[in-house]
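For reference, the structure discussed in these notes is given below.
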Amino acid sequence: MNNLFFIALTFCLLATAACAQPAKTPSQTASQATATATPAPKMVPDPNKYALIISGVGGEEEYSKLFAKWSADLKSALTDKLAFAPENVSLLSESNEASKATAAEIRKTFTALRSNCKPENLVFIFFIGHGSYDGKDAKFNLVGPDLNATEYGTMIKALPAKQVVVINMTSASGEFIKPLSVPGHITITATRSGQETNATHFGEYFIKALTSKDADADQNQRLSVLEVFNYTTAQLERFYKEQNRLVTEHALLDDNGDGKGSEKPGEADGGMSKNTYFDSLLYQLAGGDAELQKVYADRIRLENEVEQLKARKAQMKPEEYENELEKLLLQLAEINEKIKAKQK
Numbered sequence: 000m001n002n003l004f005f006i007a008l009t010f011c012l013l014a015t016a017a018c019a020q021p022a023k024t025p026s027q028t029a030s031q032a033t034a035t036a037t038p039a040p041k042m043v044p045d046p047n048k049y050a051l052i053i054s055g056v057g058g059e060e061e062y063s064k065l066f067a068k069w070s071a072d073l074k075s076a077l078t079d080k081l082a083f084a085p086e087n088v089s090l091l092s093e094s095n096e097a098s099k100a101t102a103a104e105i106r107k108t109f110t111a112l113r114s115n116c117k118p119e120n121l122v123f124i125f126f127i128g129h130g131s132y133d134g135k136d137a138k139f140n141l142v143g144p145d146l147n148a149t150e151y152g153t154m155i156k157a158l159p160a161k162q163v164v165v166i167n168m169t170s171a172s173g174e175f176i177k178p179l180s181v182p183g184h185i186t187i188t189a190t191r192s193g194q195e196t197n198a199t200h201f202g203e204y205f206i207k208a209l210t211s212k213d214a215d216a217d218q219n220q221r222l223s224v225l226e227v228f229n230y231t232t233a234q235l236e237r238f239y240k241e242q243n244r245l246v247t248e249h250a251l252l253d254d255n256g257d258g259k260g261s262e263k264p265g266e267a268d269g270g271m272s273k274n275t276y277f278d279s280l281l282y283q284l285a286g287g288d289a290e291l292q293k294v295y296a297d298r299i300r301l302e303n304e305v306e307q308l309k310a311r312k313a314q315m316k317p318e319e320y321e322n323e324l325e326k327l328l329l330q331l332a333e334i335n336e337k338i339k340a341k342q343k
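So the sequence shown is residues 0 to 343, counted in numbering that gives the first Met the number 0.
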């Protein structure tokens, strides 16, 4: 690609994207300090998102109560603050007789999810509870027989949705990274290995981040997966420092499909996560316009493809990389022109 052409194309793309942004309201432009990290509570439920919360056994009353609270708080944040449709949020737990966290019920729920979700949907899967690792298999503690990471990986990879985000908040969860890793999916674990077996605090801060204005690092009224991860790990670091305790959990994020994960997402991981959001601001902006909604979705998809391409740059020939990037940038420019035309 000609360097001058590339520079011109990038400039035009940025200019077009700026024009395609929604107009800010007076309250938004008045002060960034008053901006909220999540959408307004009274939002139209987004039918394009699904969430599955699996809350395992506590083992002790203290943990059973804690996991029940985390699950309730998480479900409330998703439906009340982040525009998840209540009927698209499933909760399996230790105490829920109708939907108990058993291996059989989990398989049944994944089968239903596989039938209901579509390739364009975004699926979130949350694990709350205790985990274990025996040197061979990593498991999540259930009511009755447990399932291992490989079994979960098989069920998750069978979902038709192209974008899946898995957040495993349990001890020993780091061993889930490799079995779950696949291009297009994001996997977050509370620990970096199966040797970190102490009960984790990750879930507490992660769930709080979903309703915290401070988690919206760039104050753009959106809450990305990367922002929530970074906020959570920062809060955990502060917690252990203030308590003067040995750090027993080191969270990982994997979104490039290499099965490794990063404690500090940067060049290797983080590109896809920063363009994947918990909120549904674009769905709200579309105002019920199915065509415009699809255009916004295409823009997010292309932005993610650009980030994935950047992650592969070191393994590609310069000319091959530039050609692929040029194609994606041209498509993005066309998408932004469509949005601009729709907003006239």
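Every residue gets a Cβ at the ideal spot worked out from N, C-alpha and C, and that includes glycine.
Spatially closest choice to residue i from the options, by CA coordinates
i	options	result
Thr199	Phe238, Asp217, Val165, Val163	Phe238
Val88	Glu302, Glu195, Leu65, Leu51	Leu51
Glu266	Tyr62, Arg221, Val305, Thr231	Val305
Gln220	Ala103, Leu291, Leu280, Leu245	Leu280
Ser192	Leu81, Ile176, Val294	Ile176
Ala250	Asn243, Arg244, Lys259	Lys259
Lys156	Asn197, Thr232, Phe123	Phe123
Leu245	Thr108, Tyr151, Asn197	Asn197
Arg106	Asp268, Lys135, Thr153	Thr153
Glu336	Glu321, Asp297, Ala310, Tyr320	Asp297
Lys135	Glu241, Pro178, Phe66	Pro178
Ala103	Lys312, Ser114, Leu91	Leu91
Lys64	Pro46, Arg113, Met42, Glu93	Glu93
Leu81	Asp45, Lys263, Lys309, Glu248	Asp45
Tyr204	Ala76, Ser180, Thr232	Thr232
Asp288	Glu323, Glu241, Lys341, Glu319	Lys341
Lys312	Glu174, Glu241, Gly270	Gly270
Thr247	Glu60, Lys339, Asp278, Gly173	Gly173
Ile53	Arg113, Asn140, Glu61	Asn140
Pair within 9 Å by beta-carbon distance, residue i and residue j
i	j	result
Leu252	Thr186	yes
Gln307	Asn229	no
Ala189	Phe201	yes
Gly183	Lys161	yes
Gly55	Ile127	yes
Thr78	Val164	no
Lys138	Phe83	no
Leu209	Leu222	yes
Leu73	Phe125	yes
Tyr350	Gln194	Nothing about residue 350 can be reported from this structure: the residues present for the chain run from 0 to 343 only.
Val142	Thr101	yes
Gly130	Ala171	yes
Val43	Tyr320	no
For residue i, the three-state DSSP class (helix, strand or coil)
i	result
Lys326	helix
Phe5	At Phe5 the pLDDT is 49, less than 50, meaning the model places this residue with poor confidence; the figure from the coordinates comes in the next sentence. In this structure, Phe5 counts as helix in the three-state DSSP scheme.
Ser30	Only weak support is given to the placement of Ser30: the predicted model assigns it a pLDDT of 35, under 50, and the value that follows is read from those uncertain coordinates. It is coil, neither helix nor strand.
Asp72	helix
Asn167	strand
Thr188	strand
Lys341	helix
Leu291	helix
Leu179	helix
Thr37	With a pLDDT of only 43 at Thr37, under 50, the local geometry of the prediction cannot be trusted, and the value read off the model is given with reservation. The answer is coil: DSSP assigns Thr37 none of H, G, I, E or B.
Glu336	helix
Leu81	coil
Leu331	helix
Asn197	coil
Thr24	Only weak support is given to the placement of Thr24: the predicted model assigns it a pLDDT of 33, under 50, and the value that follows is read from those uncertain coordinates. Coil, per DSSP.
Ala426	In this structure the chain extends from 0 to 343, so residue 426 is not present and cannot be described.
Asp297	helix
Ala267	coil
Leu280	helix
Ala97	coil
Lys48	strand
Val88	strand
Ser223	strand
Val211	Note on identity: in this sequence residue 211 is Ser, with Val being the wrong assignment. Three-state result, Ser211: coil.
**Message:** Could you check whether the stretch 320 to 332 touches the stretch 290 to 303, counting it as contact only if at least three pairs of C-beta atoms, one from each stretch, sit closer than 8 Å?
**Reply:** yes
**Request:** Check whether the stretch 101 to 120 touches the stretch 146 to 160, counting contact only when three or more Cβ pairs, one atom from each stretch, lie closer than 8 Å.
**Result:** yes
**Item:** beta strand (DSSP E) runs contained entirely in the stretch 101 to 168, provided each spans 3 or more residues
**Value:** 121 to 127, 130 to 132, 137 to 139, 162 to 167
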